[in-house]
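Number of protein chains: 2
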Amino acid sequence: MSPEEFRRVGKQVVDWIADYYAGIEQHPVRSRAEPGEIRAGLPAHPPERGESFDDVLADLDEVLLPGVTHWQHPNFFAYFPANASGPAVLGDLLSGGLGVQGMMWATSPACTELETVVVDWLAELLGLPEHFRTDSTGGGVIQDSASSATLVACLAALQRSGQDVARRGITRRHALYVSAHTHSSVERAARIAGVGADNVRVVDSDPDTLGMDPRHLEELIAADLADGAVPTMVCATVGTTSTTAIDPVRAIGEVAARHGVWLHVDAAYAGVAAVCPELRWINDGVAEFADSYCTNPHKWLLTNFDCSLLWLANRAPMVDALSILPEYLRNEATESGEVIDYRDWQIPLGRRFRSLKLWSVLRCYGAEGLREHIRGTIALAREFAGWVREDPGFELLEPHPFALVCFRPRYSELPAAEADERTRRLLDELNDSGELYLTHTKLDGRVLLRLAIGSPQTERHHVRAAWDRIRRAA
Amino acid sequence: MSPEEFRRVGKQVVDWIADYYAGIEQHPVRSRAEPGEIRAGLPAHPPERGESFDDVLADLDEVLLPGVTHWQHPNFFAYFPANASGPAVLGDLLSGGLGVQGMMWATSPACTELETVVVDWLAELLGLPEHFRTDSTGGGVIQDSASSATLVACLAALQRSGQDVARRGITRRHALYVSAHTHSSVERAARIAGVGADNVRVVDSDPDTLGMDPRHLEELIAADLADGAVPTMVCATVGTTSTTAIDPVRAIGEVAARHGVWLHVDAAYAGVAAVCPELRWINDGVAEFADSYCTNPHKWLLTNFDCSLLWLANRAPMVDALSILPEYLRNEATESGEVIDYRDWQIPLGRRFRSLKLWSVLRCYGAEGLREHIRGTIALAREFAGWVREDPGFELLEPHPFALVCFRPRYSELPAAEADERTRRLLDELNDSGELYLTHTKLDGRVLLRLAIGSPQTERHHVRAAWDRIRRAA
Numbered sequence: 001m002s003p004e005e006f007r008r009v010g011k012q013v014v015d016w017i018a019d020y021y022a023g024i025e026q027h028p029v030r031s032r033a034e035p036g037e038i039r040a041g042l043p044a045h046p047p048e049r050g051e052s053f054d055d056v057l058a059d060l061d062e063v064l065l066p067g068v069t070h071w072q073h074p075n076f077f078a079y080f081p082a083n084a085s086g087p088a089v090l091g092d093l094l095s096g097g098l099g100v101q102g103m104m105w106a107t108s109p110a111c112t113e114l115e116t117v118v119v120d121w122l123a124e125l126l127g128l129p130e131h132f133r134t135d136s137t138g139g140g141v142i143q144d145s146a147s148s149a150t151l152v153a154c155l156a157a158l159q160r161s162g163q164d165v166a167r168r169g170i171t172r173r174h175a176l177y178v179s180a181h182t183h184s185s186v187e188r189a190a191r192i193a194g195v196g197a198d199n200v201r202v203v204d205s206d207p208d209t210l211g212m213d214p215r216h217l218e219e220l221i222a223a224d225l226a227d228g229a230v231p232t233m234v235c236a237t238v239g240t241t242s243t244t245a246i247d248p249v250r251a252i253g254e255v256a257a258r259h260g261v262w263l264h265v266d267a268a269y270a271g272v273a274a275v276c277p278e279l280r281w282i283n284d285g286v287a288e289f290a291d292s293y294c295t296n297p298h299k300w301l302l303t304n305f306d307c308s309l310l311w312l313a314n315r316a317p318m319v320d321a322l323s324i325l326p327e328y329l330r331n332e333a334t335e336s337g338e339v340i341d342y343r344d345w346q347i348p349l350g351r352r353f354r355s356l357k358l359w360s361v362l363r364c365y366g367a368e369g370l371r372e373h374i375r376g377t378i379a380l381a382r383e384f385a386g387w388v389r390e391d392p393g394f395e396l397l398e399p400h401p402f403a404l405v406c407f408r409p410r411y412s413e414l415p416a417a418e419a420d421e422r423t424r425r426l427l428d429e430l431n432d433s434g435e436l437y438l439t440h441t442k443l444d445g446r447v448l449l450r451l452a453i454g455s456p457q458t459e460r461h462h463v464r465a466a467w468d469r470i471r472r473a474a
Numbered sequence: 475m476s477p478e479e480f481r482r483v484g485k486q487v488v489d490w491i492a493d494y495y496a497g498i499e500q501h502p503v504r505s506r507a508e509p510g511e512i513r514a515g516l517p518a519h520p521p522e523r524g525e526s527f528d529d530v531l532a533d534l535d536e537v538l539l540p541g542v543t544h545w546q547h548p549n550f551f552a553y554f555p556a557n558a559s560g561p562a563v564l565g566d567l568l569s570g571g572l573g574v575q576g577m578m579w580a581t582s583p584a585c586t587e588l589e590t591v592v593v594d595w596l597a598e599l600l601g602l603p604e605h606f607r608t609d610s611t612g613g614g615v616i617q618d619s620a621s622s623a624t625l626v627a628c629l630a631a632l633q634r635s636g637q638d639v640a641r642r643g644i645t646r647r648h649a650l651y652v653s654a655h656t657h658s659s660v661e662r663a664a665r666i667a668g669v670g671a672d673n674v675r676v677v678d679s680d681p682d683t684l685g686m687d688p689r690h691l692e693e694l695i696a697a698d699l700a701d702g703a704v705p706t707m708v709c710a711t712v713g714t715t716s717t718t719a720i721d722p723v724r725a726i727g728e729v730a731a732r733h734g735v736w737l738h739v740d741a742a743y744a745g746v747a748a749v750c751p752e753l754r755w756i757n758d759g760v761a762e763f764a765d766s767y768c769t770n771p772h773k774w775l776l777t778n779f780d781c782s783l784l785w786l787a788n789r790a791p792m793v794d795a796l797s798i799l800p801e802y803l804r805n806e807a808t809e810s811g812e813v814i815d816y817r818d819w820q821i822p823l824g825r826r827f828r829s830l831k832l833w834s835v836l837r838c839y840g841a842e843g844l845r846e847h848i849r850g851t852i853a854l855a856r857e858f859a860g861w862v863r864e865d866p867g868f869e870l871l872e873p874h875p876f877a878l879v880c881f882r883p884r885y886s887e888l889p890a891a892e893a894d895e896r897t898r899r900l901l902d903e904l905n906d907s908g909e910l911y912l913t914h915t916k917l918d919g920r921v922l923l924r925l926a927i928g929s930p931q932t933e934r935h936h937v938r939a940a941w942d943r944i945r946r947a948a
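Heads up: the sequence lines are chains A and B, in that order.
Mapping to this note's numbering: the first sequence position 59 is 59, numbers consecutive.
Offset between the second sequence (1-based) and this note's numbering: plus 474.
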């Protein structure tokens, strides 16, 4: 494709996307495709001869779109929204156009240095501690996902545990600590890192706050020590995936510090809320105790997936765990020690110029614009929660500190199991309608509906319509 | 950013990229930035108020571009090129615009099903075995990089070794087998998976072909068995990173099969060459012996990074190793067993709609166009190698089956160490000129220059000019 052809076709694609957003409400939020349906609409064999990009766009419209669940739809309230925004999409497009490999400083210095700048900017915007800054002992890096960030933290924790796991492998039993509400990525990291799912201990949660119980953590650590295991990492969550509950980071950190256990703070969803000074309390204990900290601009901060930020208080054990330098990658800059090679800060070797999209977002929105987005979505969530609270037919889970509201119809005439079944049927009916998309979770064995607000497309009337639709259906 | 603003700014960005490609030869190939220089040109603090995208583009031009090494430049011959192409960039733009999460089938069916279709298409185009197809026991998946693919293969191998590593963790010594020419990603996988770098055995290589010696592999496996270790995975390479040497996959496979050792074939660079029937001999032994196979369309097949394909002969041990299903991700489609959830096939949980870019490439080039690209770049490499061979002042490493040529000036009047030093100085001088960009490797302790051809922008006159420049400088 010549530059001139790219210019022509690229503008068609931009128009396609602009039209898509302008007309997004015409699509059912959740795809109605049946398993295998989309595949059946595509040729079984690849084309022998090249086709035009027009053909690609035509098939996108006709064959693929019916199989797309529209994550950017204003009525998408499922999971946690993964926000896109114009500046992010265009920053990412620039990254694609430049086609740069950022595995090392030397392979494209701007890719590394812009990343350093934006992760430091974001640390400042979120009020994170000075030692997370790159010019200190720590530093930040863009990962693809919080799961990868958790794994990197786990590898650093294993390395710091003094067993030289990178070299000798796992030679003792290492224990990781979570609560029942911690994201499954910690168990997954345990599986990947050779710790094993059986060595993930589940610390009790406070039944009211759902926060991890630091005394029980202390007991489990003591039991593991007595048993000859190596207590290695605890994960405290700020904003759990299920209900946005918050672990007591400071109290957990005190226990962890006492035993030399790595504290990873998973604030994948909620951490970005700290752009608002009035929400900065969520960072309590992070400066004093967190060895690593993760939050995802690709969830609630208007930056296309993938953009998950990991900061470390001390980058040395991570680099020890992950650094290898074969001859064909040797270069003067690396050997000078004056530069960062982010390949040593992540699982893959290669990396895209992901900082461009975050840079575009931080610049085009500015701190003000980001705060407005967080405050606006929280305000909508509060308003929705207010309607739920006032309706005697519904139960609301409180508190709801962010932009997720968990609730359920009371169905007080029914036994719990039947009420749950009704709630599930309600969920299916709502999602099948195509008018909105919610997901569910379970708490104390009971089904709860989750309504998460995050899209910049979502306005008050969408949330109101969702509530009316839910109430009608219940 | 409203759809109309996106339409306007998006077209500016498309123009920016088209202009960038049209004028790419005006840039020095390798950035001349000094450590810290780009960072110093950027504000230390994030903006309080939003700026316009014009400001972003202006800073891209003025501040960032001097720090960019131009991987898409026709005179970029370093590492392995990471090809971009118009269709790939635009397919990726569509992915960004849709902003879809593809972690599970249910989160956007088209994202999963298009991926299944294109990985099956590519398996067919490369003549890979039927059991790599998704409708068989195996299946393919898009990973971010070959390093991640190697890690996933290693986790599947550990799981198949019968120790239930996912659950119990590493409880015995597991051994992995490589040669001195295997990519460092295997050692990295050993570090990450808890196997440990010390348990990576280096099998001897044939001094002529640089291929792994299967008899020595057999000896090392026997020694490990005698020592109580679990021989777990051997990595055979088709096209090593250093010199594109080829391991004898069939002979290695026979040894591996005898001992129940997982055979991973790393064809990250060269595997895509099998789109040409005359190069399909590189697949010898894959159908009979490979448990997993990786090749990167993002290197030599015109698809923007990241797009690394991993196929498995049997997906079950991988899914066993990686699958966890928390309540908030439960859904009917997953529980029906009728769909693929690619989150169980990779390290992260979330995933982009990466198949769109590969689909765009396969459709816009067609099999014919892909073959033409592979054949054209190999022909240029052969012509370059011919010039080197005919020049008495140079030594050429043979064979050079793909589009990488390794060579060095003879400097026959100098002792080896001094000649190497001169070769390094030559490399620096060439790269500092900005006219072209090469990298180096070492073979038998001696420095070799690497010239890799891969960009669709590279024409015969660029390669000729590179040779003239090299000869002049030497």
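Ideal Cβ placement from N, Cα and C applies to all residues, glycine included.
Would you check if the distance between the CB atom of residue i and the CB atom of residue j is smaller than 8 Å?
i	j	result
L414/A	F407/A	no
K773/B	F554/B	yes
F384/A	V361/A	no
L310/A	A82/A	no
V537/B	I512/B	yes
C235/A	A193/A	no
R422/A	L438/A	no
V230/A	R173/A	yes
G690/B	V674/B	Checking the displayed sequence, the identity of residue 690/B turns out to be His instead of Gly. Cβ distance not < 8 Å, so H690/B and V674/B don't count as in contact.
V749/B	I848/B	yes
Please classify residue i: is it buried, with 16 or more other beta-carbons within 10 angstroms of its beta-carbon, or exposed?
i	result
G919/B	exposed
E587/B	buried
W281/A	exposed
S526/B	exposed
G612/B	buried
L823/B	buried
E418/A	exposed
S679/B	buried
How far does the beta strand (DSSP E) with residue i in it extend, from its first residue to its last?
i	result
A506/A	Since the first residue of chain A shown is 1 and the last is 474, residue 506/A is not available in this structure.
G271/A	Run containing G271/A: none; DSSP gives neither H nor E here.
How would you write the range of the alpha helix (DSSP H) that residue i sits in, first residue to last?
i	result
Q543/A	In the structure as shown, chain A begins at 1 and stops at 474. Residue 543/A is therefore absent and cannot be evaluated.
R168/A	V165 to R168
E187/A	S185 to I192
A33/A	Taken as a continuous stretch (DSSP letters only), A33/A belongs to no alpha helix (DSSP H), as it is neither H nor E.
Check whether the Cβ of residue i lies closer than 8 Å to any Cβ atom in chain A.
i	result
C838/B	yes
A496/B	yes
W595/B	yes
I720/B	no
S610/B	no
Could you confirm whether any beta carbon from chain B is found closer than 8 Å to the beta carbon of residue i?
i	result
W71/A	yes
S85/A	yes
I453/A	no
T241/A	yes
Let me check one thing: in DSSP terms, what residues is residue i bridge-paired to?
i	result
Y494/B	Beta-bridge pairing links Y494/B to no other residue.
S622/B	DSSP output for S622/B lists no bridge partner at all.
S292/A	H264/A and L312/A
K916/B	V921/B
F394/A	P409/A
Open item on the list: By the 8 Å beta-carbon criterion, what residues does the stretch 292-308 of chain A contribute toward chain D?
Closed with: The structure shown has no chain D; the protein chains it does contain are A and B.
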